[in-house]
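To start, the structure itself, in structure tokens.
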Amino acid sequence: MNTKNTRRFLGVAALVILAAIVIFAQVERTAVATLKDFSELEVRGAGFTLTRNIKVHIDAVGGGDKSVFRELVMDDENTGMYAYGWIIDAATREVVWEMTHENTRGRRNDRTVNEDVSLEKGAYEVYFVAYGTVRSGAFSYSQANIDRRNDNKRGRNFFSIFGDNFEDIRDEFMESAKNDWGITISVPSSDAGAVSSFKAPAPFRQTIFSLTGIGDDATVKKTLTVSRDVTVRIYALGEGRERDELYDHGWIIDAATRERVWDMRRGRLERAGGAYKNILADNELTLPKGQFELVYVTDDSHSPEDWNDRPPYDPFSYGITIFLNSEGDRSAVKIDDGGVPDRNAFLELTKVGNDEFKSMAFSLKKDMKVHVTALGERSGDRNWADYGWIVDARSREKVWSMDDRRSEHAGGASKNRMIDEIVSFSKGDYIVYYQTDDSHSYDDWNSGPPYDQEAWGIALRGVGLDFDPKSVTIGKEPAEANILAQIIRVRDDRHERRTFKVSKRQRVRIYALGEGTNDEDMHDYGWIENAESGRTIWEMTYDMTDRAGGARKNRRVSTTFTLEPGEYVLHYLTDDSHAFNEWNSDPPEDRDHWGITLYKEE
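Here the numbering used here is used: position 309 in the sequence shown is 1195, and no number is missing along the way.
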């Protein structure tokens, strides 16, 4: 190398060294938030406020394993990260930066990010989570929750089982969680004076009630007494999936009418960030003067007690918070522990166990609205295994039943369904029924139980503050009126007969239950015969029947027929199986009327 080139080389080297010195001086920084050590806590958070626009520096190490298979099959916008950080705007609660597989580099358990992010003047919260571990391949995806509550190192696995090496995987996870993973937010030292810190989450202004940090298997009730019309904002985070299948959620009911005035249903919800099942309701609600009951429930997993998947972006606010639009309304709302006493309940068939059939009669002295709540088990598309219904005691016609289209998830297993509605009833006599199959009922669940286990069954309540309990009487089923002839509760292998006479032309209603399996074959059925000629004048056939509840072969007919003056014989015939109290399949809803009844029409 000649002298000229040597000088040129030395000059360039000097410039490089000088630039490095300048850069080093420029990157001298002050940490404003550091989140480390996730061996005991899944999520840590911190808040910081910027008094001017500042470019913050993010230095973080986490874990992630991208899965093309999950992206294609699960379709849940998974970032591939199981240990990662993010920043939200403390005022809007919206994410402004997130650690993803795309903006990190490195090995699966050592994904790093080192970048600058420009943030505007304002308050922010930074969070970091390490909830579990993920293993993925070209055509597979496996995720395991690391539950820090368990000393036996039990893992909750999703999508596949890791096998005998899960303990080793957990130990590896905990080592990284304690010593490697975390996030540091820093600013140039020259900007340190423009930064202050606070404890996350930042409190909402004008909060009147906050129920956050709710764990698994919780039911919380509060009474809101409102002295005048007040508009509130409800900010609620929970867990749910499609078709209004909610697991952690809340609702508010009017104590007088028992009607829901707010709940976390589709149309009020948005994604809450993190796992697809995280949901957010951020709504305004005007409450009129009166009393209201707030309820929030959680199932047995995925809560601040232990996240089994990615938590929402606002994890410390999980639950429900209510705040005012105007501070001047604070004196108009009073909140007390516990729900509003239920003074209007008048009939309950609840805590129903396996293989039970319960009924109770009631009479209304006037037309009135009734609040009906029923919990049961759905079995297949719009079919029920445990369910209730109400019939008119005089006509035996069904006036209310559990319809899947009107039901909602009752918590626990997806088959747990609930109907909660106001029904108008006319003055008269009614019978409430509830029946269960041989599994999954009160105190003997074969899958996740509902939130309110003791309510398994059906309950009726009056509506409104002016409800008068004296307008309802509860008692035995009223005696049937206007019976001309009747054969009921018929058992196997029977042919029963009743002879009767009519002195004048008589219109009758025929009500019969029996067994039939196709268009031409009735096994248990009834008919009417002219006593003098022996001719059959009416017969129960399959094509005139409809479903009677229970097994498909249970058939029912309710029709009218005119009898001329004379003597008649009412017949009912059963085969050797499936009759009253000798069922070989699910019994009908009105099992006591297995047979045939003739009622005089007025």
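C-beta atoms are modelled at their ideal positions from N, C-alpha and C, and glycine is treated no differently.
Cβ neighbours of residue i in the same chain (closer than 6 Å, five flanking residues each side left out)
i, result
"Lys1284", "Trp1275, Val1277"
"Glu1125", "Tyr1133, Asp1134, Lys1163, His1188"
"Lys1301", "Glu1263, Arg1264"
"Ala1371", "Arg1384, Phe1386, Leu1456, Leu1484"
"Phe1095", "Ile1208, Ile1221"
"Asp1103", "Asp1186"
"Glu984", "Trp972"
"Ala1299", "Ser1333, Gly1334"
"His1409", "Glu1401, Asp1461"
"Pro1474", "Leu1399, Ala1434, Gly1435, Gly1436, Asn1440"
"Lys1313", "Leu1250, Lys1252, Asp1253"
"Ala1271", "Glu1263, Ser1265, Asp1323"
"Trp1193", "Glu928, Tyr1017"
"Gln1177", "Thr1111, Ala1141, Val1226"
"Met1060", "Ser925"
"Trp1137", "Arg1146, Asp1149, Val1181"
"Glu1234", "Ala1345"
Assigned secondary structure, residue i (DSSP; H/G/I helix, E/B strand, else coil)
i, result
"Tyr1121", "strand"
"Pro1074", "strand"
"Lys922", "strand"
"Glu1061", "helix"
"Phe880", "Residue 880 lies beyond the residue range present for the chain, which begins at 887 and ends at 1488; the question has no answer from this structure."
"Phe1052", "helix"
"Ser1489", "Absent from the structure is residue 1489, since the part of the chain shown begins at 887 and ends at 1488."
"Asp1478", "helix"
"Phe1353", "coil"
"Gly1079", "helix"
"Ala1218", "helix"
"Met1430", "helix"
"Arg1196", "coil"
"Asp1168", "strand"
"Glu914", "coil"
"Ala1341", "helix"
"Glu1213", "helix"
"Arg1292", "helix"
"Phe1466", "coil"
"Phe1090", "coil"
"Ser1028", "strand"
"Ser1312", "coil"
"Ser1203", "helix"
"Tyr1162", "coil"
"Asn1368", "coil"
"Asp1002", "strand"
"Asp1461", "coil"
"Trp1270", "strand"
"Thr990", "coil"
Beta bridge counterpart(s) of residue i as assigned by DSSP
i, result
"Asn995", "Answer is none; Asn995 lacks a bridge partner."
"Leu1180", "Lys1108, Ile1138"
"Trp1286", "Ile1276"
"Asp951", "BP columns for Asp951 are empty, so no partner."
"Ala1009", "Thr935"
"His1326", "Partner(s): none; His1326 has no beta bridge."
"Ser1189", "Asp1192"
"Trp1067", "DSSP, once it has assigned bridges, lists no residue as partnering Trp1067."
Contact set for residue i: own chain, Cβ-Cβ below 8 Å, skip 5 residues either direction
i, result
"Arg1377", "Thr1460, Ala1465, Phe1466, Asn1467, Glu1468"
"Gly1340", "Gly is not the amino acid found at residue 1340; the sequence shown has Glu there. Same-chain partners within the cutoff: Thr1236, Lys1237, Tyr1328."
"Phe1232", "Phe1248, Leu1346, Arg1347, Gly1348, Pro1355, Val1358, Ile1360"
"Trp1286", "Val1258, Trp1275, Ile1276, Val1309"
"Thr1109", "Ala1141, Gln1177, Phe1178, Glu1179, Leu1180, Ile1221, Asp1222, Asp1223, Gly1224, Gly1225, Val1226"
Contact set for residue i: own chain, Cβ-Cβ below 7 Å, skip 5 residues either direction
i, result
"Asn1470", "Ser1463, His1464"
"Arg1375", "Phe1466, Asp1478, Trp1480, Gly1481"
"Glu1213", "Gln1092"
"Glu1488", "none"
"Arg1393", "Thr1446, Thr1448, Glu1487"
"Ala1086", "Gly931, Ala932, Gly933, Glu1011, Phe1202"
Contact with chain D by residue i, beta-carbon distance below 8 Å
i, result
"Leu936", "Protein chain content of the structure displayed is limited to a single chain, and chain D is not contained in it."
heavy atom of the ligand NAP below 7 Å from residue i C-beta
i, result
"Val1256", "For the ligand NAP, the structure offers nothing, since it holds no ligand at all."
Handout entry: Meets three-Cβ-pair contact criterion under 8 Å: the segment 1376-1389 and the segment 1424-1433
Key = For the pair of segments examined, the segment 1376-1389 was found not to touch the segment 1424-1433: the number of CB pairs separated by less than 8 Å stays below three.
Problem - Entirely enclosed beta strand (DSSP E) segments - the segment 1225-1249, minimum 3 residues - result: 1231-1235
Handout entry: Given 8 Å, three or more beta-carbon pairs between the segment 1308-1316 and the segment 1197-1214
Key = In short, these stretches do not touch, since the Cβ pair count stays below three.
Handout entry: Touch test, the segment 1342-1350 against the segment 1446-1453, Cβ-Cβ under 8 Å, three pairs minimum
Key = no
Practice task
Could you tell me whether the segment 931-944 touches the segment 1069-1089, using the rule of 3 or more Cβ pairs below 8 Å?
Solution key: yes
Exercise for the section: Evaluate contact between the segment 1243-1250 and the segment 1144-1156, counting only Cβ atoms and requiring at least three cross-stretch pairs below 8 Å. Expected result: no
Exercise for the section: State whether the segment 994-1013 contacts the segment 942-951, with contact taken as three or more CB pairs (one from each stretch) at a distance under 8 Å. Expected result: yes
Exercise for the section: Determine, using beta-carbon pairs with one atom in the segment 1168-1176 and one in the segment 1059-1070, whether at least three such pairs fall under 8 Å. Expected result: no
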